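Oh and the first sequence: position 29 is 29 in the numbering used here, straight run, nothing missing. Think of the CB as a built atom: it goes at the ideal place given N, C-alpha and C, for glycine as much as any other residue. The structure presented is a predicted model; accordingly, all values stated were derived computationally and were not measured.
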Amino acid sequence: MPELPEVEVVRLGLASHVVGRTIVKATVHDVRSVRRHLAGPTDFTDALASRAVTGVARRGKYLWLQLGDDAVLCHLGMSGQMLMQRPDAPAEKHLRITLDLDDGMQVRFVDQRIFGGMMFSPGGAELPAEIAHIARDPLDPLFDADEFRVRLKKRQTGVKRAILDQGLISGVGNIYADEALWRSKLHYARDTCHLRSAEVTTLLANVTEVMESALGQGGTSFDALYVNVNGESGYFDRSLNAYGQEGLPCARCGTPIRRDAFMNRSSYWCPVCQPRPRNGRF
DNA sequence: CAGGCTACCTGCCCGC
DNA sequence: TGCGGGCAGGTAGCCT
């Protein structure tokens, strides 16, 4: 479940099941899901065995289990799931890693495409060093809106590219970028350096609002790939105004939503509400 | 720093 | 029915 709301849904679900529990044993079913762990999967499982889980934290789309001072850092990639299962439940087709807990339950990392993965981060409980370059996300109480505005306007790039940059603001992916831009009436190619202060303020407010709203509805799911720890889908897809809406009437003006290829992916936008800029500005 | 491209993977859907 | 191409919510790394 890729973007911030979906990852937060997973974090909340994990926290309710694993905090206070001990990892009895970790099992790696596919070594490709253990990432950046040069010592190999055996060292990874050794590092997790008999460790008590003290918390579950998140920054942007990364989440990590806190094990005292250390951490198990997880990214769901495009297709990762964290499922709470009983040991006798049949193995999922794409089961990659299992954590056996001392209450008899299992945390199962299921990931079809293996763009996600886990790694052990020594001393990483507060913030794993591997993701120190990731900016705070807008749901973080310490997110600095003024700093974001200053850094955004210093960029010389398109506004969508900027808000997808996890080093500037984290947690935003393709769905919520398009939704926030639609709400803000901004075209994805608008130059960051030519945005008016009011536009930046509106954009940040909309990024925050759309992700909080999606979180309140359990995230966005188009299919069974995006589910919480109990295998349930969120229903924010019903509230989407731009993403995936090609050809459907814009909820504000009725003009058909368009789809462009941009950054090797799709961008959805209303040609009337979000007019394409000339040279990045109007 | 900007940004284009590729790679990493699997599976589904479409047209032929 | 099979095959090829395009598509999918992400990130890292290389090159210019």
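Residue i - DSSP class collapsed to helix/strand/coil
i	result
R276	coil
H194	helix
E41	What sits at residue 41 in the sequence shown is Pro, not Glu. P41: helix per DSSP, three-state reduction.
Y243	coil
R136	coil
S170	coil
N- and C-terminal bounds of the alpha helix (DSSP H) containing residue i
i	result
H17	L4 to V18
S221	It is not in any alpha helix (DSSP H) - S221 carries neither H nor E in the DSSP assignment.
S184	N174 to S184
Reference residue i, options the options, closest by Cα
i	options	result
H133	K61, A180 and T98	K61
E126	V150, D237, G68 and V172	G68
H94	Q112, M105 and D178	Q112
S33	G244, L4, H75 and V150	H75
E199	V210, T208, S184 and A129	S184
Y243	Y235, M263 and W269	W269
In DSSP terms, what residue i is bridged to
i	result
F148	Partner(s): none; F148 has no beta bridge.
S266	A261
D100	K25 and Q106
P249	P256
R161	Beta-bridge pairing links R161 to no other residue.
F120	V72
A57	W64
Residue span of the beta strand (DSSP E) that contains residue i, given as start and end
i	result
K61	No beta strand (DSSP E) contains K61, which DSSP labels as neither H nor E.
K93	Counting along the chain, K93 falls outside any beta strand (DSSP E), and DSSP gives it neither H nor E.
Exercise for review: Specify whether the stretch 137-146 and the stretch 81-99 touch according to this definition: at least 3 beta carbon pairs, one from each stretch, less than 8 Å apart.
Suggested key: Output reads no: the stretch 81-99 does not touch the stretch 137-146.
* Asked: Taking one C-beta from the stretch 15-22 and one from the stretch 94-110 each time, how about it: are there three or more such pairs within less than 8 Å?
  -> These segments touch.
Worksheet item: Contact between the stretch 115-122 and the stretch 153-160: three or more CB pairs below 8 Å?
Response: Judged by Cβ distances under 8 Å, the stretch 115-122 makes no contact with the stretch 153-160, as fewer than three pairs qualify.
Note to self: Pairs of beta-carbons, one from the stretch 210-224 and one from the stretch 187-195, closer than 8 Å: are there three or more?
What the structure shows: Remark: fewer than three beta-carbon pairs, one from each stretch, lie closer than 8 Å, so the stretch 210-224 and the stretch 187-195 are not flagged as touching.
Would you check if there are 3 or more beta carbon pairs closer than 8 Å linking the stretch 223-231 to the stretch 244-262? With a cut-off of 8 Å on Cβ pairs, the stretch 223-231 is not in contact with the stretch 244-262, counting fewer than three such pairs.
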